[in-house]
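What follows is a short report on a single structure.
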Amino acid sequence: MLTLATLAALATGTLLIDAAITGLVLLLIALAAALAHRTASERRLRQLLADASHELRTPLTSIQGFAELYRRGGAPPGPVLDEAMRRIEAEVGRMRLLVNDLLLLASLDEERPLQRHPVDLLAVAADAVRDAHVRVPSRFVHLAALDDARDTFEPVTVSGDEPRIRQVVNNLVTNALRYTPEHAAVTVRVGRSGDVPADGDPVAAVGAAPVMDGSAAVVEVVDTGPGMGTDAARHVFERLYRVDLGRSGRDGGAGLGLAIVAAIVRAHGGRVELYTRPGAGARFRVLLPAWQPPGD
């Protein structure tokens, strides 16, 4: 006959076993999550190395070709040698930009916390427009409010890493200038998501719209270029993807600019969207968390 003491001991033992099993299950879950994170990190690293080797091959081949030309006496002092040295310097500069972009993507892949501060989005956009005028004075690039009905700009402050947010806007403006003809206009618009809602569904998007009590901050870069078809537009935020260069007749970049935009926006808890169709230009819309002062 079981005594109360025996029953109590059995109950205690059962509870201990259940607790041990529960602890073991939680440990296994934690280990599985850690392993999955490590696997994802290793996969991103392999992709980064593949990206680097692919992109650096072309400028390295050019430099090697010019070096061999000089070694064989095919570039004596004079215009030919000067041109060879100019091309080598250009390719070295291209490699430096590639390396910097790849290192930035690697850093963003690690998902390190950002140093967040209030950032004046209107000032960032205005600086991007001024920089574009300096780089390409022949192009029409201007700043506008998101709501065309407003005659004045209202301040828009976001929570984020200012150098990274500047890179987002600059990359979008550079992309618009690169892939549109000389006569196409580029407009940088700033406002809040409540000013002008999105027109329809985007053909491509990365990230989730910020969850806020009020409106999210918005910056748009709109061009009047030839636009893109749906199949091409769906891939624009992928690394190393390049659209048809025949649309503008210019040399394309490395195919990392929009991938960097997407990575930075996602790291800020924001969303970047693309609205476009053939013959109707392109509109890149970035939504970022608005700055909320402590205590609000």
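Each residue of the sequence shown is one higher than the last, beginning at 1 in UniProt numbering. All C-beta atoms in this analysis are idealised placements derived from N, C-alpha and C, irrespective of residue type, glycine included.
Return the residue from the list 274, 222, 101 and 61 that minimises the CA-CA distance to residue 302. As displayed, the chain neither begins before 1 nor continues past 296, which places residue 302 out of reach and without an answer.
Does DSSP classify residue 162 as helix, strand or coil? Note: residue 162 maps to helix in three-state DSSP.
At least 3 beta-carbon pairs within less than 8 Å: the segment 121-135 vs the segment 91-108: no
Using three-state DSSP, classify residue 60 as helix, strand or coil. If DSSP states are grouped into helix, strand and coil, residue 60 belongs with the helices.
Under 8 Å, with one C-beta from each stretch per pair, do the segment 264-273 and the segment 188-195 reach the 3-pair mark? Using a Cβ-Cβ distance cut-off of 8 Å, the segment 264-273 and the segment 188-195 are not in contact, since fewer than three pairs of beta carbons, one from each stretch, lie closer than that value.
Between residue 234 and the rest of its own chain, which residues show a CB-CB distance below 7 Å, the 5 nearest in sequence each way excluded? 203 and 204
Which term fits residue 159, buried or exposed, when burial requires 16 or more other beta carbons within 10 angstroms of its beta carbon? buried
Start-to-end residues for the alpha helix (DSSP H) that takes in residue 231: 230-233
Using three-state DSSP, classify residue 139 as helix, strand or coil. Three-state result, residue 139: coil.
Which one of 161, 104 and 257 has the shortest CA to CA distance from residue 124? 161
Can you give me the Cβ contacts of residue 309 inside the same chain, cut-off strictly under 6 Å, excluding the 5 residues immediately before and after it? Absent from the structure is residue 309, since the part of the chain shown begins at 1 and ends at 296.
Residue 201, buried or exposed, once every other Cβ within 10 Å from all chains shown has been counted against 16: exposed
Could you name the residues that DSSP lists as bridge partners for residue 191? 218
Quick check on residue 145: does DSSP put it in helix, strand or coil? Here residue 145 sits in strand by DSSP.
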